[in-house]
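For reference, the structure discussed in these notes is given below.
Residue numbers (the working numbering): 1376 to 1528.
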């Protein structure tokens, strides 16, 4: 009896794994709509939603001489140069002394925006910090913004 129940469970498992969503022609249906996240925003790497970005400011900034323990804000301006909404999906930093701010809203074609970060550094010498940006852009989706300077006491 146990073997029959086990065999039945295995058969149902295989049947469930093989079920596919098909349209009337018997082929797997293709979706023509864009994929969205839990908030209804398009998923950044869906090819149907890719756009282009133009960095207005250089993505490599030299801040010159910095004072130890002084908070510094850096900003990188950009423009949606494509024809779809630009979505900044993620912004992160290379270390805990840099706190980036991710824009929360989508940017319409032609609209400009800013990615800001606050840096609170200690120590002395040359510093080079990176901010990593992921967006729904082509031909690439990942960007590295860099700022550097010389920390003085």
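Note that beta-carbon positions come from the ideal geometry of N, C-alpha and C, so glycine has one too.
**Q.** Closest Cα partner of residue 1470 within the set 1526, 1495, 1434
**A.** 1495
**Q.** First and last residue of the uninterrupted beta strand (DSSP E) at residue 1522
**A.** 1517–1527 is the extent of the beta strand (DSSP E) around residue 1522.
Q | Between the CA atoms of residue 1447 and residue 1487 - distance to the nearest angstrom | A | Their backbone Cα atoms lie some 23 Å apart in a straight line.
Q | Distance CB(residue 1474)-CB(residue 1453) smaller than 8 Å | A | Contact: no.
Q | Which of helix, strand or coil DSSP assigns to residue 1423 | A | DSSP, read as helix, strand or coil, puts residue 1423 in helix.
(Q) For residue 1522 and residue 1477, I'd like the C-alpha separation in whole angstroms. (A) 17 Å
Q: Could you give the DSSP three-state label for residue 1456: helix, strand or coil?
A: coil
(Q) Residues in the same chain with beta-carbon distance under 7 Å from residue 1526, minus the five sequence neighbours each way, listed in chain order, please. (A) 1441, 1443, 1496, 1498, 1499, 1500, 1502
Q: Kindly indicate the opening and closing residues of the beta strand (DSSP E) around residue 1465.
A: 1463–1468
Q: Specify the secondary structure class of residue 1485 as computed by DSSP and reduced to three states.
A: Coil.
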